[in-house]
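Shown next, in structure tokens, is the structure this report addresses.
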Amino acid sequence: VQVGDQPVSVWTKLDSAKSDKKIDAEVIGVHTAIGKYEIFATSIDAITAVLNAKKTTLANNRSFEQAIAALQKENAGYLYVDWETAQPILEKQFPILKVAELAGEPIFEHLRSLAVSNYGYRSGVQRGGVFVRLTEQS
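Numbering (our numbering), first residue to last: 17 to 154.
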């Protein structure tokens, strides 16, 4: 599929139960690559918003830059979550998350972002790093 000039891969769940002559497709995931970044989303609208965001790219986001600066440069990539933006989406996708938020309320109420990176194997052990940004105490 193309979104503008950008090639995009779409994962769908197909359903033909309603009619023998019609197949419904529900979008499950969307992927594209921009330069050295792999972008994943849960809808065409979300990936379109990313592709249309010219000035507010993740690579130019100060919070993202600070998060990855704390991680090793040699890695297999990053998973970055801006909690304020992602929280409602993740809660909708994973209702059990609300239970985890209750159990970890002191952390979740101050969580701003989370970055995780994979550093590969060394001596048979998988290594990685995690950076957690919390709000300052007021």
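We treat Cβ as the ideally placed atom computed from N, Cα and C, and that holds for glycine.
Model, not experiment: these values are computed from the prediction.
| query | If we ignore side chains and look at the alpha-carbon of each, how far apart do Q88 and D40 end up? | reply | 44 Å
| request: Decide if the stretch 29-38 is in contact with the stretch 48-68; the criterion is three or more beta carbon pairs, one per stretch, under 8 Å apart. | output: Taking 8 Å as the limit for Cβ pairs, the verdict is that the stretch 48-68 does not touch the stretch 29-38.
| query | Expressed to the nearest angstrom, what Euclidean distance is found between the alpha-carbon atoms of E113 and I60? | reply | Checking the sequence, you will find Leu at residue 113 rather than Glu. Taking the straight line from one Cα to the other gives about 24 Å.
| field | Helix, strand or coil at N76 [DSSP, three-state] | value | helix
| In chain order, what residues of the same chain lie with their CB nearer than 8 Å to the CB of Q82, ignoring the 5 residues before and after it? | Cβ within range, chain order: R149.
| query | Between T151, A119, L118 and Q142, which lies nearest to L130 when the distance is taken from Cα to Cα? | reply | Looking only at T151, A119, L118 and Q142, the smallest Cα-Cα distance to L130 is reached by T151.
| message | Taking the straight line between their C-alpha atoms, what separation do you get for T101 and V66? | response | 13 Å
| field | Where the beta strand (DSSP E) through D40 begins and ends | value | Residues D40 to I50.
| request: Report all residues from its chain with a CB closer than 8 Å to the CB of T28; omit the five preceding and five following residues, and keep chain order. | output: Cβ neighbours of T28 beyond the five flanking positions: A41, E42, V43 and I44.
| Just reading off the alpha helix (DSSP H) that F110 is part of, what are its end residues? | Neither: F110 is in no alpha helix (DSSP H) and is coded neither H nor E.
| Just the Cα atoms here: how many angstroms apart are K63 and Q142? | Checking the sequence, you will find Ile at residue 63 rather than Lys. Going from the Cα of I63 to the Cα of Q142 covers about 31 Å.
| Does the stretch 121-140 come close enough to the stretch 92-100 that 3 or more CB-CB pairs lie under 8 Å? | yes
| said: By the DSSP assignment, the beta strand (DSSP E) with E152 in it spans what residues? | reply: It is not in any beta strand (DSSP E) - E152 carries neither H nor E in the DSSP assignment.
| field | Limits of the unbroken alpha helix (DSSP H) element including T64 | value | Where T64 is concerned, the enclosing alpha helix (DSSP H) stretches over I60 to N68.
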